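In the UniProt record's numbering, the protein residues as written are 1 to 328.
Positions of the beta carbon are idealized from the N, C-alpha and C atoms, including for glycine.
Note that the structure is a prediction, hence the values are computed from the model and not measured.
Accompanying notes for the structure given below.
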């Protein structure tokens with residue numbers, strides 16, 4: 001443990017929860033675009049998988065925003081030292097006026113709330129009512145919420161009914177009647193006026209006493225011994241299996257070939273930020289959807305993260321992916 005100073009206390013903290021693919025990252029991107037210019041915000045992303053894509057997808061070059069990732073995204077990770085140390089490190093670095101936390105769609109937001117309500121976070125953070133992002137169209141089709149997200153309904157201060165553009169008033173009323181009595185906001189693309197964010201009027205205060213937060217050794221970055229070879233990381237749980245790669249930024253990929261490669265595999269979620277033929281592009285898709293690429297500010301490396309319901313043949317995946325590289 002180490003004593004720190006020059007940091008605010010009772011920092012307004014917003015948990016942006018929701019199932020896989022509901023639109024949590026889209027909502028955070030929208031909120032960051034509305035951040036007051038004179039405020040410092042921090043975003044902590046606890047996503048399933050080991051590579052970490054959401055910070056790359058959120059990268060905008062915005063001043064006053066500090067992003068940090070903690071891989072894992074499962075209950076044991078939230079309870080563990082890496083999460084506690086990662087959050088403390090982010091607060092020391094950013095000294096934010098406001099904190100956004102995005103837990104994995106495969107994680108346990110109720111358990112995360114319990115952790116944030118205990119020492120050493122009691123005076124450091126002021127946790128606001130949770131925003132639970134839901135895929136309204138998936139609910140219309142009868143797709144059930146995972147148990148971990150069902151438990152989060154009780155703590156929600158706002159249900160953001162995302163992907164609702166195709167739902168008529170009758171369907172919206174039927175869904176409303178099936179959900180707990182909570183404020184609802186119907187939207188698409190994660191759009192939410194910042195004044196609708198629960199707790200947006202809360203303000204941090206000057207530190208009345210020096211806080212003591214967890215510390216740990218700094219994580220060492222992976223280094224490419226061969227820029228033409230990726231760094232690969234795999235994570236397995238009883239319910240899901242993920243694989244991710246980081247490629248040296250000098251390596252470029254053919255986007256059409258990448259789309260064809262991904263179309264042949266039964267992934268639940270695909271995220272990528274990639275150096276393409278005409279610059280840097282990102283894509284984010286669910287359940288085998290077609291990829292839609294858009295320009296990205298990320299330049300550090302190319303990243304791929306795939307989540308499956310069961311393990312896949314890793315060597316075959318990698319061979320096909322390497323075939324998508326542009327060889328000058």
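- No Cβ-Cβ contact shorter than 8 Å links residue 179 with residue 185.
- Beta-bridge analysis with DSSP links residue 235 to 242.
- By a beta-carbon distance limit of 8 Å, residue 255 contacts residue 293. Their separation comes to about 6 Å.
- The DSSP-derived three-state label of residue 269 is strand.
- Taking C-beta atoms under 8 Å as the contact rule, residue 133 and residue 22 qualify, at a distance of about 4 Å.
- Residue 303 counts as buried, since no fewer than 16 other beta carbons sit within 10 angstroms of its beta carbon.
- Distance between residue 135 and residue 104, taken at the CA atoms: about 15 Å.
- Taking the C-beta atoms as reference points, residue 113 is found no nearer than 8 Å to residue 20.
- By the C-beta criterion, the region 258-276 is judged to be in contact with the region 310-327, since at least 3 inter-stretch pairs fall below 8 Å.
- Annotation: residue 326 is outside any alpha helix (DSSP H) and is labelled neither H nor E by DSSP.
- Only residues of its own chain outside the window of five on either side were considered, and among them 95, 96, 97, 204, 205, 206, 207 have a CB closer than 8 Å to the CB of residue 8, listed in chain order.
- Between residue 246 and the set 240, 253, 238, 232, the nearest pair of CA atoms involves 232.
- If you compare the alpha carbons of 102, 83, 244 with that of residue 18, the shortest gap goes to 102.
- In the structure shown, the three-state DSSP call for residue 194 is helix.
- C-alpha of residue 167 to C-alpha of residue 142: approximately 14 Å in a straight line.
- Under DSSP, residue 256 takes part in no beta bridge, so it has no partner.
- Within the same chain, and ignoring the five residues on either side of residue 64 in sequence, the residues whose Cβ sits closer than 6 Å to its Cβ are 40.
- The C-beta distance from residue 66 to residue 42 rounds to 5 Å, short enough to fall under 8 Å.
- Positions of the alpha helix (DSSP H) runs, each at least 4 residues long and wholly inside the region 109-187, are given as 109-116, 136-140, 147-152, 169-178 in order along the chain.
- In terms of Cα proximity to residue 127, the closest of 11, 285, 313 is 11.
- Straight across, the Cα-Cα distance linking residue 188 with residue 164 is about 6 Å.
- Secondary structure note for residue 15: its beta strand (DSSP E) is the uninterrupted segment 11-17.
- Boundaries of the alpha helix (DSSP H) around residue 31: 24-33.
- When the beta-carbon positions are compared, residue 31 and residue 194 come within less than 8 Å of each other.
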